[in-house]
Amino acid sequence: MIIRFTAFKRFFLIITISLILIFLFVNVNFFLKFLYPFPYRDIIYRYSKQFDLDPFLVVSVIKVESRFNPYAESQQGALGLMQIMPETALWVAKNLNVGYSKEKLFEPEYNIMLGCWYLSNLHSEFKGNLALVLASYNGGRGNVREWLRTGQWDGNIDSLEDIPFSETRDFVKKVLKIYDRYKKIYYDRYKKIYNEERERVVLIGG
Numbered sequence: 003m004i005i006r007f008t009a010f011k012r013f014f015l016i017i018t019i020s021l022i023l024i025f026l027f028v029n030v031n032f033f034l035k036f037l038y039p040f041p042y043r044d045i046i047y048r049y050s051k052q053f054d055l056d057p058f059l060v061v062s063v064i065k066v067e068s069r070f071n072p073y074a075e076s077q078q079g080a081l082g083l084m085q086i087m088p089e090t091a092l093w094v095a096k097n098l099n100v101g102y103s104k105e106k107l108f109e110p111e112y113n114i115m116l117g118c119w120y121l122s123n124l125h126s127e128f129k130g131n132l133a134l135v136l137a138s139y140n141g142g143r144g145n146v147r148e149w150l151r152t153g154q155w156d157g158n159i160d161s162l163e164d165i166p167f168s169e170t171r172d173f174v175k176k177v178l179k180i181y182d183r184y185k186k187i188y189y190d191r192y193k194k195i196y197n198e199e200r201e202r203v204v205l206i207g208g
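With the working numbering, you'll find the sequence shown wraps up at 208, consecutive numbering, no jumps.
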């Protein structure tokens, strides 16, 4: 009888611990997804595929730039989800052969389309160097070219502290950190869609 009772206690303890672990796992994932949401997912996937980008990079840029507020406007005049300057948006719109108006930058799909094209354009210029791509997106490609030319920054991901603009330095660090989190949280869940939609694409920095 004592042996049976001991076995029952052991079984009950194992079940209890298992349930606690399951509860913690489910709630940790829920909490992480609360901290790192993925709104506008379909739009982000569509234009990431079209412009050969990693959707987790795009959502990371949006989170840092606007915290998913489509009406965000910076003191410098950058607008919308991906915080695009109107003059940059006009240039991108001409390259895409689409119409342009400042007000359209507050439309999520239009803003993401232009932002993804611009990221892809930077990715092509800087040959996939993610540190340079992000620094150019935030600080301007002209400034980044100058930093490289004068040796102020070598463009390496290991020397981000050398980026002359503190805002750009912080931006690059934040996006890289959040990008890593998004991949860890969402990749397993969406890898089937991710792979089917982007089978031709090599993940940026992944």
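By construction, the Cβ of each residue, glycine as well, lies at the ideal position given by its N, Cα and C atoms.
Taking all protein chains shown into account, decide if I180 is buried (16 or more other Cβ within 10 angstroms of its Cβ) or exposed. Here the question's residue 180 lines up with position 178 in the sequence shown. The C-beta of I180 has 16 or more other C-beta atoms within 10 Å across all chains shown, which makes the residue buried.
Simplified DSSP assignment, three categories, for E169: Indexing the sequence shown from 1 puts residue 169 at position 167. Helix.
Out of curiosity, what's the CA-to-CA distance linking L26 and I187? Translated into the one-based positions of the sequence shown, residue 26 becomes position 24. Translated into the one-based positions of the sequence shown, residue 187 becomes position 185. Because L26 carries a pLDDT of 46, less than 50, the predicted location of this residue cannot be relied on, and the following value inherits that uncertainty. A direct Cα-Cα distance of roughly 15 Å separates L26 from I187.
Going by DSSP, what residue range makes up the alpha helix (DSSP H) through I159? Taking the sequence shown and counting its residues from 1, the one referred to as residue 159 is at position 157. Annotation for I159: no alpha helix (DSSP H) segment contains it, and DSSP assigns it neither H nor E.
The alpha helix (DSSP H) that contains F58, what's its start and end? Here residue 58 refers to the residue found at position 56 of the sequence shown. P57 to S68 is the extent of the alpha helix (DSSP H) around F58.
Quick check: the Cα distance between V63 and D172, rounded to an integer number of angstroms? On the sequence shown, residue 63 is found 61 positions in, with the first residue counted as 1. On the sequence shown, residue 172 is found 170 positions in, with the first residue counted as 1. Near 12 Å, if we compare the C-alpha coordinates of D172 and V63.
Sheet register partners of L81 (DSSP bridge): Counting from one through the sequence shown, the residue named residue 81 turns up at place 79. Residue pairing by DSSP places L81 opposite E75 and I86 in a beta bridge.
Throw me the rounded Cβ distance for the Y42 and P110 pair, which I believe falls under 8 Å. What you label residue 42 is simply residue 40 of the sequence shown in a count that begins at 1. What you label residue 110 is simply residue 108 of the sequence shown in a count that begins at 1. That belief holds up - the Cβ atoms of Y42 and P110 are roughly 5 Å apart, short of 8 Å.
Does the count of Cβ pairs from the region 132 to 147 and the region 100 to 108 closer than 8 Å reach three? The way I'd put it, the region 132 to 147 doesn't touch the region 100 to 108; fewer than three beta-carbon pairs between them come closer than 8 Å.
Out of curiosity, what's the CA-to-CA distance linking S68 and I16? On the sequence shown, residue 68 is found 66 positions in, with the first residue counted as 1. On the sequence shown, residue 16 is found 14 positions in, with the first residue counted as 1. If I take the Cα positions, the gap works out to 46 Å.
Report all residues from its chain with a CB closer than 8 Å to the CB of E148; omit the five preceding and five following residues, and keep chain order. Numbered from 1 along the sequence shown, position 146 holds the residue referred to as residue 148. Excluding five sequence positions before and after E148, the CB atoms of its chain that fall closer than 8 Å to its own CB belong to Q154, given in chain order.
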